[in-house]
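Below is one structure, written out as structure tokens, with a few remarks after it.
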Amino acid sequence: MRRNSKFLIPILGLTLAILWLAPFYLMFVNSFKTKKEIFTDTLKLPDIFTFDNYKEAFIELDFLRTLFNSVLITTLAVVIIIIFSSMAAYALSRKGGKMSIFIFFLFVAAMLIPFQSVMIPLIAIFGKVDMLNKAGLIFMYLGFGASLSIFLYHGALSGISKSLDEAATIDGASRFQVFWYIIFPMLKPITVTVAILNIIWIWNDYLLPSLVINKTGNETIPLKMFFFFGEYTKQWHLALAGLAIAIIPVIIVYFFLQKHIIKGIAEGSVK
Amino acid sequence: MRKGNLWYWVFLAPVLIALVAVVILPLMYGIYYSFTDWNGIYTTSFVGLDHYKALIGDEEFRNSLWFTTKFTVVSVFLINFFGLSLALLVTQKFKGNHVLRTIFFMPNLIGGLILGFIWQFIFIKVFSSIGDILGVEGLKVWLATEETGFWALAILMSWQLAGYVMVIYISFLEGVPRELLESAQIDGANSFQRFFHVTLPLVMPAFTVSLFLTLSNSFKLYDQNLSLTGGGPYNSTQMVAMEIYNTAFVENAMAFAQAKAVIFFLIVATISLTQVYINKKREVEL
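Residue numbers (UniProt numbering), protein chains in the order written: chain E, 1 to 271; chain G, 1 to 286.
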């Protein structure tokens with residue numbers, strides 16, 4: 001029995017891993033086939049691996065520009081979420097009192113509101129003030145991302161003694177200095193978690209940018225992928241190459257950072 | 001006193017302004033608009049509960065609500081079943097268990113829209129090829145009927161999110177003290193008894209977290225729905241989030257869509273709060 005399970009468990013694991021990777025495998029394999037070959041031989045390896053689909057999809061997706069938009073929007077949004085959420089959480093946790101409890105509650109309660117419930121007036125309001133653009137989008141990410149980030153920072157801050165703040169204040173440091181030079185560096189582990197959770201969400205977000213970004217050339221990867229797919233539904237060879245182009249950067253990053261990412265997810269969801 | 005408070009408000013201002021502008025104001029405006037004839041730009045009259053009354057007779061909304069509910073029940077069960085199973089598997093000692101974690105988690109990095117497109121290819125082309133080989137006609141028309149579309153969505157979600165909740169279950173499983181399991185073993189408990197009487201009670205808090213996550217994720221599903229089935233055939237696999245979007249931006253019935261959005265908010269909030277309340281109570285008892 002014991003000896004049997006020693007072999008059974010790795011075999012079960014391997015089987016499940018193959019099952020889990022099968023969709024990616026099928027996507028990659030077929031992305032190297034001609035349109036005709038996908039139609040006739042979906043399950044086989046391609047006769048000749050062709051990169052033509054990739055060349056065409058790369059151009060059609062305007063990939064460098066699209067990738068740049070995604071990187072720019074995600075980076076800026078995550079940086080401002082980190083800066084402002086950590087500052088807010090610091091203020092709430094250090095000052096205490098009824099006001100802080102109320103504001104903290106407000107942020108936590110906001111997590112219960114589904115995006116679709118505020119989406120229509122949100123777009124109307126931002127449209128009126130001419131903010132349906134990249135800057136408006138980044139600002140919106142701050143509003144939607146702040147809740148969870150403040151919640152996580154708040155938890156971490158309760159583990160950092162107030163006597164540190166007091167000692168620094170006595171030495172003449174201002175609140176800004178205390179926070180940025182002493183407290184924020186100590187929050188590094190939770191900052192990694194906050195960054196990972198927000199990057200994954202914002203990088204992959206489709207609905208919000210689809211409502212906010214209406215200028216050609218400003219599209220993020222999911223947005224461009226949707227247009228691309230709409231036009232190429234019947235052209236699987238291009239569509240699959242496009243999908244592969246979109247996910248290869250993510251897989252490369254994941255390969256290098258997987259330990260941090262999985263740890264960050266665990267910490268973010270358990271707290 | 002005043003001066004002492006200044007830093008506090010300066011630190012809070014950016015996120016408070018963003019929260020008010022992005023969540024609180026739109027929510028309040030949204031509730032107000034749902035009682036008017038708002039068309040997205042202006043309102044001419046107050047219509048009271050008319051939109052809400054009309055909702056009762058709106059078959060499309062009812063169908064989407066029912067489909068979403070069914071889907072949520074099934075996918076929450078499947079995701080947690082697979083998630084816990086995967087977690088139990090990769091916390092065994094064997095070579096490669098960390099590589100497996102990496103693999104099972106991977107879909108969560110890629111995003112619902114893209115995953116939906118990948119699976120659309122699997123269901124349309126790969127399944128029909130397999131159907132050809134096996135001579136099973138049913139495999140050729142996945143995504144073409146409501147029932148198979150339902151299962152297509154459930155398969156996609158289980159495949160994607162099982163790895164996510166696996167990570168949550170792992171962190172609790174790793175917290176189960178070895179000595180406790182060993183002493184249970186010495187006392188003669190078999191592996192099933194050890195799992196149900198030692199491990200399971202200790203990972204109960206993981207259920208709270210992952211049920212909350214999977215419930216709200218399944219109920220609010222949009223991206224995967226859009227890219228996998230597009231709501232088709234004939235809107236039969238259209239979930240609530242998509243129904244609201246289409247009412248607003250395709251049919252251009254803004255105030256009516258907003259009434260649906262308010263109901264959606266109430267349902268999601270009620271489900272989330274009830275679920276957390278029940279689970280918290282269970283945890284305390286244990």
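Where is the CB? At the ideal position from N, CA and C, for every residue including glycine. Note that the structure is predicted; figures quoted are calculated from it, not measured.
Proximal residues of chain E, C-beta to C-beta of residue i below 8 angstroms
i: G:Q258; result: I120 and P121
i: G:V126; result: L26, T42 and L43
i: G:L19; result: L106, F107, A110, G143, A146 and S147
i: G:G138; result: Correct list: empty, because the minimum Cβ distance to chain E is about 17 angstroms.
i: G:S272; result: L112
Separation of residue j from residue i, as counted between CA atoms
i: G:Q258; j: G:L19; result: 20 angstroms
i: E:F58; j: G:T44; result: 49 angstroms
i: G:N80; j: G:L134; result: 31 angstroms
i: E:K224; j: E:L207; result: 12 angstroms
i: E:S100; j: G:L153; result: 42 angstroms
i: G:E59; j: G:F67; result: 12 angstroms
i: E:F24; j: E:P10; result: 22 angstroms
i: G:S272; j: G:V262; result: 15 angstroms
i: G:D37; j: G:V47; result: 6 angstroms
i: G:L266; j: E:V118; result: 12 angstroms
i: G:L161; j: G:G116; result: 13 angstroms
i: G:L215; j: G:H51; result: 27 angstroms
i: G:L89; j: E:Q258; result: 19 angstroms
i: E:D41; j: G:V126; result: 9 angstroms
i: E:F105; j: G:A253; result: 34 angstroms
i: G:A87; j: G:E182; result: 20 angstroms
i: E:I170; j: E:G155; result: 26 angstroms
i: G:R194; j: G:V176; result: 11 angstroms
Spatial neighbours of residue i in its chain, beta-carbon cut-off 8 angstroms, leaving aside the 5 residues before and after
i: E:V29; result: L45 and P46
i: G:F105; result: G163, Y164, M166 and V167
i: E:N204; result: P222
Proximity test, Cβ basis, 9 angstroms: residue i and chain G
i: E:D62; result: no
i: E:I190; result: no
i: E:A239; result: yes
i: E:G172; result: no
i: E:A266; result: yes
i: E:L132; result: no
i: E:Q235; result: no
i: residue 279 of chain E; result: No answer is possible for residue 279 of chain E: it lies beyond the span of chain E, which begins at 1 and ends at 271.
Cβ shell of residue i (< 7 angstroms), same chain only, five flanking positions each side left out
i: E:F63; result: I245
i: E:Y90; result: L157, F179 and I183
i: E:G217; result: R65
i: G:S64; result: Q238, M239, V240 and E243
Chain E within 9 angstroms of residue i, Cβ atoms only
i: G:T102; result: yes
i: G:F219; result: yes
i: G:K53; result: no
i: G:F121; result: yes
i: G:Y164; result: yes
Under 9 angstroms from the C-beta of residue i: neighbouring residues of chain G
i: E:M140; result: A18, A21 and V22
i: E:M186; result: Those within 9 angstroms of E:M186 in chain G number zero; the least Cβ separation is about 17 angstroms.
Within chain G, the residues that residue i reaches when beta carbons sit closer than 7 angstroms
i: E:A17; result: L100 and I103
i: E:F68; result: Result: empty, since nearest Cβ-Cβ is about 18 angstroms, beyond 7 angstroms.
i: E:V270; result: I168, S171 and V209
i: E:A168; result: Per Cβ cutoff of 7 angstroms: no residues; E:A168 is ~14 angstroms from chain G at best.
Distance cut-off 8 angstroms: residue i Cβ against heavy atoms of the ligand SAH
i: E:P23; result: Looking at this structure, you won't find the ligand SAH or any other ligand, since it has none at all.
Contact set between residue i and chain E, taken where Cβ atoms lie within less than 7 angstroms
i: G:A248; result: I120
i: G:L27; result: I113, S117 and V118
i: G:L213; result: S269
Buried or exposed (CB count within 10 angstroms, at least 16 for buried), residue i
i: E:L152; result: buried
i: G:W9; result: exposed
i: E:I103; result: buried
i: G:E243; result: buried
i: G:Y277; result: exposed
i: E:L19; result: exposed
i: G:P26; result: buried
Chain G residues whose Cβ lies nearer than 8 angstroms to that of residue i
i: E:S158; result: Neighbours of E:S158 on chain G: none; closest Cβ ~17 angstroms, over 8 angstroms.
Where residue i meets chain E, residues with beta-carbon distance less than 9 angstroms
i: G:Y222; result: F115, Q116, Y206 and L207
i: G:G96; result: P10, G13, L14 and A17
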